[in-house]
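Start counting at 1 in the sequence shown, then tack on 1132, and there's your number in this note's numbering.
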Amino acid sequence: MTPRIPPTQLFIDGQWRNASADRRLPVVDPATENMIAEVADASVQDGLDAVAAASRAAPAFAKLPGRERAEMLRRCFELMMRDKEYLAELISYENGKSLADARGEVAYAAEFFRWFSEEAVRLNGQFGTAPGGANRILVQYQPIGVSVLITPWNFPAAMATRKIAPALAAGCTCVLKPASETPLTAFAMAAIMAEAGVPAGVVNIVTTSEPGPVIDAMLADARVRKLSFTGSTPVGRNLLRSAAGQVISCSMELGGNAPFVVFDDADIDAAIEGAMIAKMRNGGEACTAANRFYVQRGVYEAFAAKLAQRMGAIKVGNGLDAATGCGPLITTKAVNKVSDLVDDAVARGARVLAGGKRPEGKGYFYMPTVLADVSRDAKLLGEEIFGPVAPLVVFDTEAEAIEMANNTEYGLVAYVYTKDMAKGLRVSEQIESGMVALNRGLVSDPAAPFGGVKQSGLGREGAHEGILEFSEAKYIATSW
Ligand code: NAP
């Protein structure tokens, strides 16, 4: 049984409508390579129509009391939970991830609506007196304005709610451009938001095969005041350039290259459990995925053997099959990239302890893979693998582990395993990343500030910081 397909038109001003030239864009099931559906393929004009709708809806939405926006977001949470099985199946169908991962994503995605429904009524300003005594300082937070939201395919629901929920909580209207590989989840959520009473024009959804021109036109439009992007660092860099034209505020959640550091004194079984989550959540297609394993010499062989045993036992298959532990990658291009990175590491001397190849047959699959003794110049230590491949490197000293962990232009997340909390905190402070998971395989939590340093991004999503990204501090000086 395959899931019901939601509406496939553009969602603009509360209406479903065809793209202006009636163009369509195919959506492919990565497990079978069959076409699932065709969705509207927006032109530049369609994108600008969505901006116009968001702009028209903005004044009334900004004036709504926080409590009303909060209750709207709360209803979105409840409706997502009502439809959780349907949404999980749809995510699995178009993205390929296992149903277990898809269910986890739906719960995570819905939680952003609940969290920001609570934040919508907590956006308090500040009050103070100027140090010289000349005046009082009043600060209030105002919605930043029409927001363009761009999301990747790896978490089609959660990356959207992580932006939409704080935007609406802050009183902003928006245009969402989901990834072309996974537009169906976004459309299903548009229907949910409409049912929850989100007014027409507040959330608009535009899918397109020409993201460059469509987004550039939006960013050149003076009505747009915010860009919130999640995706790769190269695309993010170009968008920052485009946003400079109108000096648009940018929040960027970009690529990662997470180190996973295991010290000799770690609880090895806990480290293996953590490694399985950090590596295999979404089949390795996560910005937070452990990309490089640095293991201290005393536990290196034991860790490698256990990880290889666990990775080799994962059942690879169609994400919609209940028994599947690892679904397909998103595209054939993604499989080729993973395969090339593994081949490069092996050519430089890596030992294949598990996987190391594609399975036979249809679909964009790659076997869960463990590579030991990876050479420090192997390409996969420097780039996002974005697949089910765990490269292992041995280290001797704490300083060496920190030096290798920081040897990257990325800085999203790092994982550290040790039973010595002082060492764990000391190392965590020295690793250049926005987030550290200390003796854990997962950091993502709507109540925590998610984001990176260096070329992993600008700004934070979730927590209280998330709503501030969509707010402007307005300062009023007064005396009495
Ligand atoms: P991507 O190629 O950068 O695409 C992301 C989004 O940008 C898609 O909607 C894409 O549309 C759009 N896009 C592509 N070219 C564009 C352009 N010239 N102008 C405007 N928009 C454009 O990334 P991806 O392959 O979908 O996602 C994987 C990347 O996302 C990885 O690097 C991963 O680390 C990162 N990521 C980061 C986080 C985080 O929180 N830091 C979370 C998840 C993923 P099309 O689909 O139409 O190309």
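Using N, Cα and C, we set each Cβ at its ideal position, and we do this for glycine too.
Let me check understanding here. Comparing Cα to Cα, which of the options lies closest to residue i?
i: Leu1211; options: Ala1354, Pro1345, Ala1323 and Val1335; result: Ala1323
i: Glu1076; options: Phe1602, Gly1459 and Ala1437; result: The structure shown does not extend to residue 1076, since the chain is modelled only from 1133 through 1612, so no value can be given for it.
i: Lys1447; options: Ser1230, Ser1187, Arg1246 and Ala1182; result: Ser1230
i: Thr1305; options: Ala1186, Phe1244 and Ala1445; result: Ala1186
i: Ile1168; options: Ala1189, Pro1138, Gly1556 and Arg1201; result: Pro1138
i: Asp1453; options: Ala1376, Ala1232 and Arg1207; result: Ala1232
i: Val1379; options: Lys1358, Gly1368, Ala1390 and Pro1491; result: Lys1358
i: Ala1302; options: Ala1252, Leu1461 and Pro1366; result: Ala1252
i: Ala1354; options: Arg1149, Val1183, Lys1216 and Gly1591; result: Val1183
i: Thr1362; options: Ser1611, Gln1587 and Leu1600; result: Gln1587
i: Met1133; options: Tyr1218, Arg1149 and Gln1147; result: Tyr1218
i: Phe1435; options: Val1502, Ala1262, Met1204 and Thr1610; result: Val1502
i: Ala1580; options: Met1567, Gly1589 and Leu1590; result: Met1567
i: Gly1146; options: Ser1576, Ser1341, Pro1331 and Met1291; result: Pro1331
i: Asp1509; options: Arg1424, Arg1207 and Ser1383; result: Arg1424
i: Val1160; options: Met1321, Val1521 and Leu1316; result: Leu1316
i: Phe1143; options: Phe1582, Val1506, Glu1597 and Gly1179; result: Gly1179
i: Ala1352; options: Val1367, Asn1539, Leu1372 and Asn1336; result: Leu1372
i: Gly1430; options: Arg1149, Glu1530, Asn1256 and Pro1162; result: Glu1530
i: Gly1543; options: Asp1552, Gln1562, Val1474 and Tyr1225; result: Gln1562
i: Gly1344; options: Ala1375, Asn1539 and Gly1264; result: Ala1375
Give a single yes or no on whether residue i has its beta carbon closer than 6 angstroms to a heavy atom of the ligand NAP.
i: Ile1282; result: yes
i: Pro1343; result: yes
i: Val1367; result: yes
i: Ser1565; result: no
i: Ser1098; result: Only positions 1133 to 1612 of the chain appear in this structure, which leaves residue 1098 out of reach.
i: Asn1389; result: no
i: Ile1347; result: yes
i: Ser1312; result: yes
i: Asn1286; result: yes
i: Glu1541; result: no
i: Cys1419; result: yes
i: Glu1170; result: no
i: Glu1530; result: no
i: Glu1597; result: no
i: Glu1385; result: yes
For residue i, count neighbouring C-beta atoms within 10 Å of its own C-beta (all shown protein chains included) and say buried if the count is 16 or more, exposed if not.
i: Arg1254; result: exposed
i: Ala1554; result: exposed
i: Ala1227; result: Going by the sequence as given, residue 1227 is Asn instead of Ala. Buried, because 16 or more other Cβ atoms sit within 10 Å of the Cβ of Asn1227.
i: Tyr1607; result: exposed
i: Val1619; result: No statement about residue 1619 is possible, as the shown extent of the chain runs from 1133 to 1612 and does not include it.
i: Asn1166; result: exposed
i: Gly1481; result: exposed
i: Phe1287; result: buried
i: Arg1246; result: buried
i: Thr1365; result: buried
i: Trp1612; result: exposed
i: Thr1283; result: buried
i: Asn1389; result: buried
i: Gln1428; result: buried
i: Thr1293; result: buried
i: Arg1592; result: buried
i: Lys1465; result: exposed
i: Pro1181; result: Residue identity differs from the one stated: residue 1181 is Asp in this sequence, not Pro. By the neighbour-count rule (16 or more Cβ atoms within 10 Å), Asp1181 is buried.
i: Thr1340; result: buried
i: Asn1414; result: buried
i: Lys1494; result: exposed
i: Asn1450; result: buried
State yes or no: is the C-beta of residue i within less than 7 angstroms of the C-beta of residue j?
i: Val1545; j: Ser1560; result: no
i: Pro1298; j: Ala1194; result: no
i: Val1280; j: Ala1174; result: no
i: Val1393; j: Ala1403; result: no
i: Tyr1547; j: Ala1421; result: no
i: Leu1222; j: Pro1310; result: no
i: Met1443; j: Ala1486; result: yes
i: Met1499; j: Lys1511; result: no
i: Gly1406; j: Gly1584; result: no
i: Ile1269; j: Gly1260; result: yes
i: Gly1387; j: Glu1532; result: no
i: Tyr1432; j: Val1346; result: no
i: Glu1237; j: Ala1290; result: yes
i: Val1171; j: Leu1157; result: yes
i: Ala1504; j: Pro1391; result: no
i: Glu1385; j: Gly1589; result: yes
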